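Asks:
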Amino acid sequence: SQQGEEDPQALSIQEGENATMNCSYKTSINNLQWYRQNSGRGLVHLILIRSNEREKHSGRLRVTLDTSKKSSSLLITASRAADTASYFCAKRMNSGYSTLTFGKGTMLLVSP
Amino acid sequence: SQTIHQWPATLVQPVGSPLSLECTVEGTSNPNLYWYRQAAGRGLQLLFYSVGIGQISSEVPQNLSASRPQDRQFILSSKKLLLSDSGFYLCAWAGSLVPEAFFGQGTRLTVV
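Going down the list, the sequences are from chains C and E.
Each number in this note's numbering corresponds to the 1-based position in the first sequence with 58 added.
Each number in this note's numbering corresponds to the 1-based position in the second sequence with 679 added.
See below:
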């Protein structure tokens with residue numbers, strides 16, 4: 059079954075602005091991952107944060123994890139039109155580690 | 680380097696016809712393999728995953744089945760397609776030591 063939700067479902071911003079997407083989950087996780095999907099394509103892994111980490115950076119991406127609130131956020135700074143895509147969080151649980159469970163995603167539109 | 684191949688890219692099938700989607704992985708051994716389905720504008724639903732040859736776990740009871748006849752081959756099948764089987768099917772692999780998943784380009788299935 060789906061674990062948690064991403065919000066917002068859709069986000070529209072201008073180039074140069076920051077975009078923040080949130081992800082919540084219900085049960086204990088081993089790690090949480092963020093993926094990007096361009097329309098009609100497969101997903102591409104962006105960044106992973108482990109349950110004992112609170113923040114990670116990769117280029118213009120910043121991910122935070124709050125295990126007490128069971129939530130994570132993905133921040134894309136200085137957004138570009140090429141960042142337009144759907145973004146998904148995926149959870150690896152401690153129980154059932156082999157499965158990777160995705161949320162419904164946030165559709166990001168960055169206008170020039 | 681590892682690559683994942685999924686075909687066909689698009690498929691239009693009549694109701695009641697059989698289905699076979701194939702996914703193969705190169706450059707790694709004993710991967711965890713996954714089949715996901717994505718309805719239009721929705722998140723990814725995990726259908727099946729496999730941690731080894733002949734080992735299939737089903738997440739959602741449905742009209743579909745999966746098989747893993749070889750270490751790096753994962754097949755999604757149906758004996759008789761339903762209209763509700765339409766969607767975007769994604770194959771993915773992950774390693775036991777590498778927690779992120781790598782996706783194929785997907786198959787757009789339309790059942791008419």
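For each residue, glycine too, the CB sits at the ideal point set by N, CA and C.
Note that the structure is a prediction, hence the values are computed from the model and not measured.
If we define contact as Cβ-Cβ less than 8 Å, is Gly117/C a contact residue for chain E?
Replies: no
Asks: Would you report the Cα separation of Arg751/E and Ile134/C, rounded to the nearest angstrom?
Replies: 35 Å
Asks: So Asn711/E contacts chain C; which residues on that side make the cut at Cβ distance below 8 Å?
Replies: Ser156
Asks: How would you list, in chain order, the residues of chain C whose beta-carbon sits under 8 Å from the beta-carbon of Leu769/E?
Replies: The answer, in chain order, is Gly100, Leu101.
Asks: How many angstroms separate the CA atom of Gln95/C from the CA atom of Ala719/E?
Replies: 13 Å
Asks: Report yes if the C-beta distance between Leu119/C and Leu90/C is below 8 Å; otherwise report no.
Replies: For the 8 Å CB-CB criterion, Leu119/C and Leu90/C do not form a contact.
Asks: For Arg108/C, I'd like the list of residues in its chain whose CB is within less than 6 Å of its CB, leaving aside the five on either flank, ordered along the chain.
Replies: Asn89
Asks: Using CA atoms only, rank isn't needed, just tell me which of Ser70/C, Lys84/C, Thr125/C is closest to Phe160/C.
Replies: Out of Ser70/C, Lys84/C, Thr125/C, Lys84/C has the C-alpha closest to the C-alpha of Phe160/C.
Asks: Residues of chain E with a CB under 8 Å from the CB of Asn89/C: which are they?
Replies: Correct list: Pro778.
Asks: Would you kindly check if the distance between the Cβ of Leu723/E and the Cβ of Phe146/C is under 8 Å?
Replies: A contact, by the Cβ cut-off of 8 Å.
Asks: Jot down the residue ranges of each uninterrupted beta strand (DSSP E) in the segment 707–737 of chain E, minimum 3 residues, whole runs only, in chain order.
Replies: 711–717, 723–731, 734–737
Asks: Are Leu769/E and Gly163/C touching if we call contact CB-CB under 8 Å?
Replies: no
Asks: Using three-state DSSP, classify Ser763/E as helix, strand or coil.
Replies: helix
Asks: If we ignore side chains and look at the alpha-carbon of each, how far apart do Ser156/C and Asn711/E end up?
Replies: 7 Å
Asks: Can you list, in chain order, the residues of its chain whose CB lies under 6 Å from that of His684/E, leaving out five sequence neighbours each side?
Replies: Thr703
Asks: Within 10 Å of its beta-carbon, does Gly733/E have 16 or more other beta-carbons around it, so buried, or fewer, so exposed?
Replies: Gly733/E comes out exposed.
Asks: Does any residue of chain C bring its CB to less than 8 Å from the CB of Gln681/E?
Replies: no
Asks: Can you tell which of Gly695/E, Gln681/E, Gln784/E has the C-alpha that lies nearest to the C-alpha of Ser765/E?
Replies: Gly695/E
Asks: Exposed or buried, Val739/E, counting other C-beta atoms within 10 Å across all chains shown (16 or more means buried)?
Replies: exposed
Asks: Label Leu726/E either buried or exposed according to how many other C-beta atoms from any shown protein chain fall within 10 Å of its C-beta, with 16 as the threshold for buried.
Replies: buried
Asks: Who are the neighbours of Val691/E on chain C, taking C-beta pairs under 7 Å?
Replies: What Val691/E touches in chain C: nothing, since even the nearest Cβ is about 16 Å away.
Asks: Do Leu755/E and Ala745/E count as a contact pair if the criterion is CB distance below 8 Å?
Replies: yes
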